[in-house]
Amino acid sequence: GMFAILIYDGRDSQNPKFHIVRDRIGKKPLYFHRTASGEWLFASEIRALLEHPKVPRAMEPIAFWHYLTFIVTPAPMTMFSGIFKLPAGHVATIHANGSASATSYWSIGQHISDPLTEDDLSFDEAVAQFSDLFRAAISRRMESDVPFGVLLSGGVDSSLNVAMMTELMDQPVRTFTVGYESYDGFNEFEHAQRIADRYKTEHHEMRITSRDALEFLPSLVEYQDEPIADNVCIPLYFLASLVRSKDTTVVQVGEGADENFLGYWWCDHYRKLEEDVYRSARQKRRVGFFQKLLGRMPVGSGESFEVAQRGRDNQHLFWGGAVCWWGQMRQGLTPDPAPFKSTPSCPIEGLLPASFLETDSHNVVSHYHNLAFDKPFDRAVTDHIPAMELSLRLPEHLLMRVDKMTMAHSVEARTPFLDHELVEFAARLPVSYKLSDGIGKRIVKKAAEPYVDEDLLYRRKQGFGAPMDKWFTEESFGSECLAAYMRSDIRHAGYLDDGYIRSMFEAQLSGRTNYGFHLWTVMNAVLWYERWINNNAGQV
45 GMFAILIYDG RDSQNPKFHI VRDRIGKKPL YFHRTASGEW LFASEIRALL EHPKVPRAME
105 PIAFWHYLTF IVTPAPMTMF SGIFKLPAGH VATIHANGSA SATSYWSIGQ HISDPLTEDD
165 LSFDEAVAQF SDLFRAAISR RMESDVPFGV LLSGGVDSSL NVAMMTELMD QPVRTFTVGY
225 ESYDGFNEFE HAQRIADRYK TEHHEMRITS RDALEFLPSL VEYQDEPIAD NVCIPLYFLA
285 SLVRSKDTTV VQVGEGADEN FLGYWWCDHY RKLEEDVYRS ARQKRRVGFF QKLLGRMPVG
345 SGESFEVAQR GRDNQHLFWG GAVCWWGQMR QGLTPDPAPF KSTPSCPIEG LLPASFLETD
405 SHNVVSHYHN LAFDKPFDRA VTDHIPAMEL SLRLPEHLLM RVDKMTMAHS VEARTPFLDH
465 ELVEFAARLP VSYKLSDGIG KRIVKKAAEP YVDEDLLYRR KQGFGAPMDK WFTEESFGSE
525 CLAAYMRSDI RHAGYLDDGY IRSMFEAQLS GRTNYGFHLW TVMNAVLWYE RWINNNAGQV
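Residue numbers (our numbering): 45 to 584.
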């Protein structure tokens, strides 16, 4: 299922009911609100709900707390008080008498817990099976009566997508690439062009500037509905505009490959942290001198110290691939958690865990790991990564940004790597087929060898991002963001330590440090609050 759906069930005339369903992976959002008079409202965008006169405009403080940790709000909460979203892989039933309950109908954990061994399936057999599944996933997503294309970075995922789509088409594939003026280190035009030339695609590219980004910020918070503190939203919006300008309305994208096949550099990084730091700390052993030394380094650099602390506190090692404010930096930002305490009341019984209402984001992490596994602490971090990513970062962050930025131009994005058969296959594979000798996405790269030059396949993953750290040092962008923070109600309400955040802004604007990720997370909330809570459009 691509879309979240609403189904009327009138088979029992004495108790008619509605079912609301979100697909397994969470490719599309489904928001809901119950008014004080008992009306149920549903929408695929929060701003549609806000058109209703009975829907309040207020921030949910505890949701803001978790947003600062994860750069998105974990379902079923949103940043809006009283507005909720159905988690991925859930179905909720709403009865005529107004009662409602929800259940999870799919979990990646059940497939991770049913593993294949290397004896069950050789690596070469797995590569062949992956190729068949991926080709079928692409083919299914080519069913369209409108022109379609591929977002091409020149990386493994999009390049393999282009190659296989070319095999399935009798006309050139349309490909689209975005980059930046002045910051060629962030650009992948050369890599994308090599793929476009090899497969003779109809290729289009564009460059954006920091001025483009700054002028887009009011529209960004308009389209986001609630904050998604990922700077990729900016280039993705412009890329979708390029797609639409070329009379293309459907594109295939690469989301899901790195999460399910352990392709990010940090997958091996966490595997090493688990072996070198976390396990011994969980066993209450003395942390080695090297880890202690790291822990005494300046704020923000003591990762091993923080990891050891998680082990000693019996917390999970992996919190997600995009965790922003945590550890010592979080203490500096929010030394007083009191302003964040609130008690949202979800109208669907059992959907909002009570532990989410505490100012401890580990409760969110623990909930997802417990949903996926009977004994989560018996699982290696390489099992936890896909389980956690499919629970939070993919549905509420990566897929949400794709949906909102492409739909802003009425472009539909389709995700072949998140075909549920391919996801379930990846979950059962031996870890060595995904991550081995520091090489992530091993099976995907092997399958791509006939299609993509080796130097492109095995280069360090560049990622799709914006030069946010650099933009913040530019007078127009950085100073205007600081000015917006200084006048914001979020600042005046005392949620954040003002001296701490201002010192970070000043250090960033001077070019001495790289706090772009952290400052952008704050700024996204600041701009969102001004637009949606204060209802002031067009403010930066």
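Each residue gets a CB set at the ideal place from its N, CA and C atoms; glycine is no exception. Owing to the predicted nature of the structure, the values given are computational and were not obtained by experimental measurement.
With a cutoff of 9 Å on beta-carbon distance, Ala-471 and His-134 are scored as not near each other.
Segment contact: the segment 428-436 against the segment 262-276, fewer than three CB-CB distances shorter than 8 Å; contact not assigned. Listed as beta-bridge partners of Gly-223 by DSSP are Arg-251. In the three-state DSSP reduction, Met-121 falls in the strand class (E or B). In the displayed model, Asp-241 falls within a helix according to three-state DSSP. Between Phe-417 and Ser-157, the CB-CB gap stays under 9 Å. By the criterion of at least three beta-carbon pairs nearer than 8 Å, the segment 444-463 is in contact with the segment 52-72. A straight line joining the alpha-carbon of Val-194 with that of Arg-238 spans about 15 Å. When the five nearest sequence neighbours on each side are left out, the beta carbons in the same chain lying within less than 6 Å of the beta carbon of Thr-565 are those of Ile-115, Ala-273, Cys-368, in order along the chain. In the DSSP assignment, Arg-185 falls outside any alpha helix (DSSP H) and carries neither an H nor an E. Counting along the chain, the unbroken beta strand (DSSP E) around Gln-296 starts and ends at 294-296. Between Arg-218 and Glu-246, the CB-CB gap stays under 9 Å.
Beta-bridge annotation (DSSP): Met-103 is paired with Phe-124. Closest option to Pro-73, judged by alpha-carbon separation, among Val-408, Leu-130, Trp-109, Phe-124: Leu-130. Assignment of Phe-417 by DSSP, reduced to helix, strand and coil, places it in the coil class.
Proximity of the segment 491-506 to the segment 521-534 falls short of the contact definition, fewer than three beta-carbon pairs being nearer than 8 Å. Straight-line measurement puts the Cα of Gln-58 at about 45 Å from the Cα of Gly-364.
Shown here for Pro-379: same chain residues with a beta carbon closer than 7 Å to its own, the five before and five after excluded, namely Asp-541 in chain order.
Annotated three-state conformation of Leu-436 is helix, per DSSP. Per the C-alpha coordinates, the member of Ile-278, Asn-205, Asp-269, Glu-270 positioned closest to Val-297 is Asn-205.
The DSSP-derived three-state label of Phe-469 is helix. In the three-state reduction of the DSSP assignment, Arg-78 falls in the strand class, which pools E and B. Rounded to the nearest whole angstrom, the CA to CA distance from Phe-76 to Leu-436 is 19 Å. Tyr-314 is not a Cβ neighbour of Phe-349, given a cutoff of 9 Å.
In this structure, Ala-236 is the residue among Arg-185, Ala-236, Leu-177 with its C-alpha nearest to the C-alpha of Gly-199. Boundaries around Ile-487 are those of the alpha helix (DSSP H), 486-492, since no beta strand (DSSP E) includes it. Boundaries for Ser-285: no beta strand (DSSP E) harbours it, while the alpha helix (DSSP H) harbouring it runs 277-289, taken from the DSSP string. DSSP places Gly-560 inside the alpha helix (DSSP H), whose first and last residues are 560-572. Between the segment 547-563 and the segment 121-128 there are fewer than three C-beta pairs closer than 8 Å, too few to call the two in contact. Measuring C-alpha to C-alpha distances from Met-444 to each of Val-467, Met-209, Phe-233, Pro-118 identifies Pro-118 as the nearest. With 16 or more other Cβ atoms inside 10 Å of its own Cβ, Glu-518 counts as buried. Where Tyr-529 is concerned, the enclosing alpha helix (DSSP H) starts and stops at 519-530. Of the residues assessed, Ile-51 falls on the exposed side of the cut-off, its CB having fewer than 16 other CB atoms within 10 angstroms. Assignment of beta-bridge partners to Ala-273 by DSSP yields no partner. For His-139, the uninterrupted beta strand (DSSP E) run begins and ends at 134-139, by DSSP. Straight through space, the alpha carbons of Tyr-149 and Phe-86 are spaced by roughly 20 Å.
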